[in-house]
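Chains as they are written, first to last, in the numbering used here: chain R, 14 to 324; chain L, 10 to 302; chain C, 9 to 422.
The beta carbon of each residue, even a glycine, is placed where N, CA and C say it ideally should be.
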Amino acid sequence: MQSSPPLLAVPAVRRKVSVMKRQEARLAALLILPSTLGVMVFAILPILASFGISLTDWGGLSRPKFVGLQNYASAFTDSRAVSALSHTLLYVLLAVPTGVVVSMLLAVLIHNLKAGWLRSIFRTVYYLPMVTIGVAVALLWQVLLAPQGLVNLVLGWLGIHGPNWLGSPEWVLPAVAVFSVWQGSGQGIILFLASLASVPKELYEAAALDGAKPFESFRFITLPMVSPTVFLVLVLSVIGALQVFEAVLVLSNGGPGDSSTTVALYIYKTAFSFFKMGYASALAWLLSIILIVLLVVQWRNQNKWVNYDQV
Amino acid sequence: MIRSETAVPAPLSRRDARLKARSQGSQAALVALLVLGALAILVPFAWMILTAFKTPAEAYTWPPVWLPAKWSWANFKQLFETIPFARMFFNSFWSSTLIACLNIVTAAPAAYAFARLRFPGQGLWFGSHLLSLLIPWQVTIIPVFLLIRQLGWYDSYMALIVPSIASGFTVFLLYQFFRSLPRSLEESVLIDGGSWATALRHVALPAAKGAISAAWLFSFLGNWQAFIWPLIVLQSSEKQLLPVGLLSLQNQFSVNVPVLMAGATLSTLPTVIAYMFVQRYLTDAAITSGLKG
Amino acid sequence: MKKTLFLLAALSLTASASAATTIDYGTWDGTRQVADAALIAAFNKSHPDIVVKYNLVPWGVYWQKASAMVAGGSTFDVMWMNLDNFPFYQSQGALSPITLDAKLAASLPASRTAPYRVNNQLYGVPLGPQPVTVYINRALFKERGVPIPTANWTYAQMLDAAKKLTFVKDGKQYFGINGADLQTDLEYGMSFYYSAGGQGLVKKTAGGYAPSLDATFQKTSQQLLDLIYKDKVAAGPQAASQQGYQVFLAGQMGILVSGSWMVSTWDQNKALDWAFAPFPSEGGLKPRPVVSAHALVVPTGSKNKAAAQTFITWMNTSPQAQRTLAQNGLLPTLAETYKSQYLQALPGRNAQTVFAQLPNSVVINADIRSLSNLPEVLTVLNQKLNLAWTNNVKLPDAIAQAQAAMAGLLKQSK
Numbered sequence: 014m015q016s017s018p019p020l021l022a023v024p025a026v027r028r029k030v031s032v033m034k035r036q037e038a039r040l041a042a043l044l045i046l047p048s049t050l051g052v053m054v055f056a057i058l059p060i061l062a063s064f065g066i067s068l069t070d071w072g073g074l075s076r077p078k079f080v081g082l083q084n085y086a087s088a089f090t091d092s093r094a095v096s097a098l099s100h101t102l103l104y105v106l107l108a109v110p111t112g113v114v115v116s117m118l119l120a121v122l123i124h125n126l127k128a129g130w131l132r133s134i135f136r137t138v139y140y141l142p143m144v145t146i147g148v149a150v151a152l153l154w155q156v157l158l159a160p161q162g163l164v165n166l167v168l169g170w171l172g173i174h175g176p177n178w179l180g181s182p183e184w185v186l187p188a189v190a191v192f193s194v195w196q197g198s199g200q201g202i203i204l205f206l207a208s209l210a211s212v213p214k215e216l217y218e219a220a221a222l223d224g225a226k227p228f229e230s231f232r233f234i235t236l237p238m239v240s241p242t243v244f245l246v247l248v249l250s251v252i253g254a255l256q257v258f259e260a261v262l263v264l265s266n267g268g269p270g271d272s273s274t275t276v277a278l279y280i281y282k283t284a285f286s287f288f289k290m291g292y293a294s295a296l297a298w299l300l301s302i303i304l305i306v307l308l309v310v311q312w313r314n315q316n317k318w319v320n321y322d323q324v
Numbered sequence: 010m011i012r013s014e015t016a017v018p019a020p021l022s023r024r025d026a027r028l029k030a031r032s033q034g035s036q037a038a039l040v041a042l043l044v045l046g047a048l049a050i051l052v053p054f055a056w057m058i059l060t061a062f063k064t065p066a067e068a069y070t071w072p073p074v075w076l077p078a079k080w081s082w083a084n085f086k087q088l089f090e091t092i093p094f095a096r097m098f099f100n101s102f103w104s105s106t107l108i109a110c111l112n113i114v115t116a117a118p119a120a121y122a123f124a125r126l127r128f129p130g131q132g133l134w135f136g137s138h139l140l141s142l143l144i145p146w147q148v149t150i151i152p153v154f155l156l157i158r159q160l161g162w163y164d165s166y167m168a169l170i171v172p173s174i175a176s177g178f179t180v181f182l183l184y185q186f187f188r189s190l191p192r193s194l195e196e197s198v199l200i201d202g203g204s205w206a207t208a209l210r211h212v213a214l215p216a217a218k219g220a221i222s223a224a225w226l227f228s229f230l231g232n233w234q235a236f237i238w239p240l241i242v243l244q245s246s247e248k249q250l251l252p253v254g255l256l257s258l259q260n261q262f263s264v265n266v267p268v269l270m271a272g273a274t275l276s277t278l279p280t281v282i283a284y285m286f287v288q289r290y291l292t293d294a295a296i297t298s299g300l301k302g
Numbered sequence: 009m010k011k012t013l014f015l016l017a018a019l020s021l022t023a024s025a026s027a028a029t030t031i032d033y034g035t036w037d038g039t040r041q042v043a044d045a046a047l048i049a050a051f052n053k054s055h056p057d058i059v060v061k062y063n064l065v066p067w068g069v070y071w072q073k074a075s076a077m078v079a080g081g082s083t084f085d086v087m088w089m090n091l092d093n094f095p096f097y098q099s100q101g102a103l104s105p106i107t108l109d110a111k112l113a114a115s116l117p118a119s120r121t122a123p124y125r126v127n128n129q130l131y132g133v134p135l136g137p138q139p140v141t142v143y144i145n146r147a148l149f150k151e152r153g154v155p156i157p158t159a160n161w162t163y164a165q166m167l168d169a170a171k172k173l174t175f176v177k178d179g180k181q182y183f184g185i186n187g188a189d190l191q192t193d194l195e196y197g198m199s200f201y202y203s204a205g206g207q208g209l210v211k212k213t214a215g216g217y218a219p220s221l222d223a224t225f226q227k228t229s230q231q232l233l234d235l236i237y238k239d240k241v242a243a244g245p246q247a248a249s250q251q252g253y254q255v256f257l258a259g260q261m262g263i264l265v266s267g268s269w270m271v272s273t274w275d276q277n278k279a280l281d282w283a284f285a286p287f288p289s290e291g292g293l294k295p296r297p298v299v300s301a302h303a304l305v306v307p308t309g310s311k312n313k314a315a316a317q318t319f320i321t322w323m324n325t326s327p328q329a330q331r332t333l334a335q336n337g338l339l340p341t342l343a344e345t346y347k348s349q350y351l352q353a354l355p356g357r358n359a360q361t362v363f364a365q366l367p368n369s370v371v372i373n374a375d376i377r378s379l380s381n382l383p384e385v386l387t388v389l390n391q392k393l394n395l396a397w398t399n400n401v402k403l404p405d406a407i408a409q410a411q412a413a414m415a416g417l418l419k420q421s422k
């Protein structure tokens, strides 16, 4: 940025730099104030309060009773909590890569359409599921996923005998994952389209002149330029998938048995059906710690593949 | 693309003709693939809309019938008789719009500061924004509710709107976009003696029009769909929002599916139209923002 | 029905006009909306100093809203309560005791009031009973030449009828009965269990509590499961995704084991020729269907307890309210007294069957309601049985797993 100053002017420049730093800090404070204030009051404070609740035995109605870290200890020996966690992790592995790849592929397909009106139409169509009220859409999919429903009908045309999706412990989580990808890919598509559009066309033209094939320019130009958005979509997907609740509640209510009970659903039932708000808060904190660890790992790793040094 | 040089276009050479055919062929392939995927999206919606016109007996027939024998508006009539649909729709619409706008106004400056500026405590404040995304609502809902009660905002729009003004999600989204912008334009502002504030207003914000539109849209839809928080903090039925209204069509043992589908259809159509207007800003803006460097 | 909304809106406007006390009435039962509107209008007329505001909270989120309100100290004045939640709410001091005139208290049905009495204090006044009932599609019975069930209908006869009522016509599948809803731990299935002589799912032992999934339970479960997989007279998860009542509403089911509250739902298909049928008996014993005992309670957070109590008393004991409910095809608290109005409201539906069964009906799990972790115990039983019902686990294994899981939880209960 700035070139190194001549020796005699050093003190003056250093003063100027520190003045600028203070101005920068002051400006930053102003810029982040409203958002940070809101987050502190309505998110962080309640989160701290929920940590306090997790140290109690509280039914949710009247006086809590302090029990220290007992709730956290119980969580490790609670087989239902452990199985809920394994279901959730399996779901994340199913839904996140699929969702990111599908959104990216569809965005690339749409982006490469030459006709602007075609692009508009497909953008609208693929965004439809996000615009509808979730409960109604989930009810729709219950019918579609029935053993003789539309999904199995289409699979039948391809010669595949579809299982009873919502009635088999092995297939219920994949079914919920398919629903989530269907419902949520619109958001990823929008983000990827915006990102793809900002890749300068000259890069592609130069590569084409050098004789690069489409797949090569995708791999060496598109992917790196779009990588910040890939990271964004990845992180948002992981956060959403680890907390999946409404889809599971409406589609299968955690069943059959408890084979699709995710951690968020288990927390919900523990808090509001079993009257164990304290224990539910502890479970929520454990889930959040897992999420934080996953995010930190992703954040640290991004230097290896996310490219912020744009042209 | 019109060629202005020649009045009569010269015939294509054999090589050009082959390239053109190949590119048309690949365009057709793209469209075919996208249409397949679009069917997967549209068929459930068609089902939803068609079911809204069926009688309950038709809606529950097995195997399912596609078209109603007689197209009746009865379900829509019943929808408006069971819940104050129009009022709830209006409430949902203006509150989601307001919250989305406030989200952008608070988040965009913050995201820019986190992405470009250097200041003490930066990691901490940004981290707190991320942390707000991590804890499940099931356990923070009671503490926030108690806070609302203390402030005396129960059953008021303040309780609905104020806690939603700050959005960690929006901050994170815009943060990523600001980070991925090339620094060249902002640097030229700084070198010319301008401040970061100027850079924000005249360079970064216009460049991020696409991202901001996307963030606005996501925020609008997230609030449009929310039902737990409005349910807890609002009591008067005049103030209540649409998802809660649709939820009340579900009883303990039964749900009137056609009426619910009528409600879902009516909820979807205006938002689809609104989206069709907004979407042109989502990709084209980024192209025309002068990023050619 | 638009009148309903107008009425409710107008009522809330007049509230602000006069100096009357306004109380908030919270309910989850949307099927009663019309009846509730009529009741509230009648109450407001006869009690000009109290105005009642109607609040329908969707069932799916009712308990979250209730617990948030109680935790926040700003509750409804009158709300619906069920036995799944009552013990907890009462033990946490969230409910206020209700004092009733001794004569009125004595007139209340004992079996449905007792669960709401703690330490000789009454905390809830029972709403009308909601018994499990059997519905039949008379048109299908006639079409297939199956005799209409008589009062001494047995399970074997029911099974036989169901077999005759399962057929395919014009590409549509007709089912004899709703098997998927009859999981033994839920209301409908439990009715068969109690009718076969079952005594309860949890028994008191010397050291505490233990699960009691005895031979009666196993036999009943197998019978009900066979409806789907052996006799094939019911749709299991393999055949359809529709709920039992939906298939019945579409006219494709001969016998539906459901509840008395579904009466208003059948109005959605005027062509449906439905009627009540007796609950089938098993082994020569009198049938004992399950009855839900919901009640109206006054939360401690209410600011108008006296007015709330007046409203509850009126709703559940006054002749005017009872008559209005009966005329709307709903069973009032003092069901027997208003039998004729109820029968008149549902002409030609064989509604007297409902009253015939009422004396023998059972309030589900009434004896173990005070168990501290009953909801968890019941949930784990439900999950294991569900695996058998979806044909993922053999029934004996499912019951064994349930027994083990319940035993583990019961050891921790108080």
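**Asked** Can residue 114 of chain R and residue 250 of chain R be called in contact, C-beta distance under 8 Å?
**Response** No, these two residues do not count as a Cβ contact at 8 Å.
**Request:** Return the CA-CA distance between residue 69 of chain C and residue 267 of chain R, expressed in angstroms with no decimal places.
**Result:** Cα-Cα distance, rounded: 17 Å.
**Request:** List the residues of chain R whose Cβ lies closer than 7 Å to the Cβ of residue 75 of chain C, in chain order.
**Result:** Within chain R, the residues 73, 74 and 285 have their CB atoms less than 7 Å from the CB of residue 75 of chain C, given in chain order.
**Request:** Answer yes or no: does any C-beta atom of chain L fall closer than 8 Å to that of residue 51 of chain R?
**Result:** So yes, residue 51 of chain R belongs to the interface.
**Interface flag, residue 425 of chain C vs chain L, CB-CB below 8 Å** = Lying before the first or after the last residue shown, residue 425 of chain C is absent from chain C, which here runs from 9 to 422.
**Asked** In three-state DSSP terms, what is residue 405 of chain C?
**Response** Three-state result, residue 405 of chain C: helix.
**Item:** Residue from C/275, C/135 and C/67 whose Cα sits closest to the Cα of residue 256 of chain L
**Value:** Looking at the Cα atoms, C/67 is the closest of the given residues.
**Asked** Around the Cβ of residue 200 of chain L, are there at least 16 other Cβ atoms within 10 angstroms (buried) or fewer (exposed)?
**Response** Exposed.
**Prompt:** Thinking C-beta only, is residue 276 of chain L closer than 8 Å to residue 146 of chain R?
**Reply:** Cβ distance < 8 Å, so residue 146 of chain R and residue 276 of chain L count as in contact.
**Message:** Between residue 64 of chain C and chain L, is the shortest Cβ-Cβ distance under 8 Å, so that the two count as touching?
**Reply:** Yes - at least one Cβ of chain L is within 8 Å of the one on residue 64 of chain C.
**Item:** Whole-angstrom C-beta distance between residue 307 of chain C and residue 7 of chain C, which should lie under 8 Å
**Value:** What the structure shows of chain C is the stretch from 9 to 422, and residue 7 of chain C is not part of that stretch, so it cannot be assessed.
**Message:** Restricting to runs no shorter than 4 residues, where is the alpha helix (DSSP H) found entirely within the segment 120–191 of chain R?
**Reply:** 129–144, 147–157 and 163–170, all fully within the segment 120–191 of chain R.
**Message:** For a cutoff of 8 Å on Cβ pairs, would you count residue 237 of chain R as touching chain L?
**Reply:** Chain L contact via Cβ: absent.
**Request:** Please go through the same chain and pick out, in chain order, the residues whose beta-carbon is closer than 7 Å to the beta-carbon of residue 78 of chain L, but skip the five residues on each side of it.
**Result:** Cβ contact annotation for residue 78 of chain L (same chain, cutoff 7 Å, sequence separation greater than five): 67, in chain order.
**Request:** Please name the residues in the segment 180–201 of chain C whose beta-carbon is closer than 8 Å to at least one beta-carbon of chain L, in chain order.
**Result:** Answer in chain order: 180 and 181.
**Request:** Using a Cβ-Cβ cut-off of less than 9 Å, give me the residues of the segment 61–72 of chain L that come near chain C, in sequence order.
**Result:** Listed by position along the chain: 64, 65, 66, 67, 68, 69, 70, 71 and 72.
**Request:** Taking only beta carbons into account, state which residues of the segment 253–266 of chain C come closer than 9 Å to chain L, listed in chain order.
**Result:** If the cut-off is 9 Å between Cβ atoms, the segment 253–266 of chain C has 253, 254, 255, 256, 257, 258, 259, 260 and 266 near chain L.
**Asked** Residue range of the beta strand (DSSP E) that residue 144 of chain C falls in?
**Response** Counted as a single uninterrupted DSSP element, the beta strand (DSSP E) harbouring residue 144 of chain C occupies residues 138–145.
**Message:** Please tell me whether residue 47 of chain R has its Cβ less than 8 Å away from any Cβ of chain C.
**Reply:** Judged by the 8 Å Cβ criterion, residue 47 of chain R is not in contact with chain C.
**residue 128 of chain L, DSSP secondary structure in three states** = Correct three-state label for residue 128 of chain L: coil.
**Asked** Any idea if residue 107 of chain C is buried or exposed, counting beta-carbon neighbours within 10 angstroms, 16 or more meaning buried?
**Response** Flag for residue 107 of chain C reads exposed.
**Prompt:** Among the residues of its own chain, which have a CB less than 6 Å from the CB of residue 288 of chain C, if the five just before and after it don't count?
**Reply:** The residues are 161, 162, 163 and 166.
**Request:** Below 8 Å on the Cβ atoms is my guess for residue 330 of chain C versus residue 342 of chain C; work out the distance and round it to an integer in Å.
**Result:** Right, the Cβ-Cβ distance comes to about 6 Å (below 8 Å), so this counts as a contact.
**Asked** When the Cα atoms are used, what is the spatial distance from residue 216 of chain L to residue 206 of chain R?
**Response** Those two C-alpha atoms are separated by around 15 Å.
**Request:** Return no unless some Cβ of chain L is closer than 8 Å to the Cβ of residue 154 of chain R.
**Result:** Chain L contact via Cβ: present.
**Prompt:** Using a Cβ-Cβ distance under 8 Å, would residue 271 of chain R count as near chain C?
**Reply:** Output row for residue 271 of chain R: interface = yes.
**Asked** Closest Cβ-Cβ distance between residue 147 of chain R and chain L: below 8 Å?
**Response** A Cβ of chain L is located within less than 8 Å of the beta carbon of residue 147 of chain R.
**Message:** With H, G and I counted as helix, E and B as strand and the rest as coil, what does DSSP make of residue 187 of chain C?
**Reply:** In the structure shown, residue 187 of chain C sits in coil (DSSP, three-state: anything other than H, G, I, E or B).
**Residues near residue 369 of chain C by beta carbon distance below 6 Å, same chain, minus five either side** = Short of 6 Å from the beta carbon of residue 369 of chain C, and not among the five residues preceding or following it, lie these beta carbons of its own chain, in chain order: 139, 297 and 299.
**Request:** Just mark residue 237 of chain L as buried or exposed, buried being the case when its beta carbon has 16 or more other beta carbons within 10 Å.
**Result:** Residue environment for residue 237 of chain L: buried (at least 16 other C-beta atoms within 10 angstroms of its C-beta).
**Request:** Decide if residue 121 of chain C is buried, meaning its Cβ has at least 16 other Cβ atoms within 10 Å, or exposed.
**Result:** If you draw a 10 Å sphere on the C-beta of residue 121 of chain C, you find 16 or more other C-beta atoms in it, and that means buried.
**Message:** Can you find the residues in the same chain that come closer than 8 Å, C-beta to C-beta, to residue 82 of chain L, ignoring five residues on each side of it along the sequence?
**Reply:** Answer for residue 82 of chain L: 62, listed in chain order.
**Prompt:** With burial defined as no fewer than 16 other Cβ atoms inside 10 Å of the residue's Cβ, what is the status of residue 90 of chain R: buried or exposed?
**Reply:** Counting Cβ neighbours within 10 Å, residue 90 of chain R comes out exposed, since fewer than 16 surround it.
**Segments assigned beta strand (DSSP E), at least 3 residues, entirely inside the segment 219–280 of chain C** = Taken in chain order, the whole beta strand (DSSP E) runs of length 3 or more contained in the segment 219–280 of chain C are 263–267.
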